[in-house]
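A.B. asks: Sequential numbering of the sequence shown, starting at 0, is according to numbering that gives the first Met the number 0. My questions all concern the structure below.
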Amino acid sequence: MKKITFILAFLLCGLIGLQAQKMPNFFYKQGNEIAIDAQRFNVVDNDESPKFTVIGKVLTAKNLEVGTEVDIYSILGAKVYSFTYTGNPVVVNLNKGIYIIRVGKYTQKIML
Numbered sequence: 000m001k002k003i004t005f006i007l008a009f010l011l012c013g014l015i016g017l018q019a020q021k022m023p024n025f026f027y028k029q030g031n032e033i034a035i036d037a038q039r040f041n042v043v044d045n046d047e048s049p050k051f052t053v054i055g056k057v058l059t060a061k062n063l064e065v066g067t068e069v070d071i072y073s074i075l076g077a078k079v080y081s082f083t084y085t086g087n088p089v090v091v092n093l094n095k096g097i098y099i100i101r102v103g104k105y106t107q108k109i110m111l
């Protein structure tokens, strides 16, 4: 019985090893370092997402359509400010801290 168990375990490990060799390898060794084969990765640049910057208390937006509803939440999840984007920078009168800006499906963390 022990022999059969040993043989089955040996065959199973061999089959798993063969399967692992068939999988694509994204990493390869280059000297003492491990490098990544960047040709096999797809990098998606999310340029269409809105980007917000804060200087002082002035909030500016990039990649945001005029008329879009913008909500600002505290780090605890309470809505603290809401406005409709007009294309101009907005002065936000909020205390210093960390806030989350939500525009549709996009969110961004800002610090005042």
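Ideal placement from N, C-alpha and C gives every residue a C-beta, glycine not left out.
Who are the Cβ neighbours of Thr52 in its own chain at under 7 Å, not counting the five residues just before and after it?
C.D. replies: The residue labelled residue 52 in the question sits at position 53 within the sequence shown. Contacts found: Thr59.
A.B. asks: Using the beta-carbon count (16 or more within 10 Å), is Ile6 buried or exposed?
C.D. replies: In the sequence shown, residue 6 corresponds to position 7, counting from 1. Counting Cβ neighbours within 10 Å, Ile6 comes out exposed, since fewer than 16 surround it.
A.B. asks: Using CA atoms only, rank isn't needed, just tell me which of Ile54, Gly76, Asp46, Thr106 is closest to Pro88.
C.D. replies: Working through the sequence shown from its first residue, we reach residue 88 at position 89. Of the candidates Ile54, Gly76, Asp46, Thr106, the one whose C-alpha sits nearest the C-alpha of Pro88 is Ile54.
A.B. asks: Checking the sheet assignment: what are the DSSP bridge partners for Thr52?
C.D. replies: Residue mapping note: residue 52 aligns to position 53 of the sequence shown, counting from 1. Its beta-bridge partners are Thr59.
A.B. asks: Using CA coordinates, which residue listed in Leu111, Ala77, Glu47 is at the minimum distance from Lys61?
C.D. replies: The sequence position of residue 61 within the sequence shown is 62, counting from 1. Comparing Cα-Cα distances from Lys61 to each of Leu111, Ala77, Glu47, the minimum goes to Glu47.
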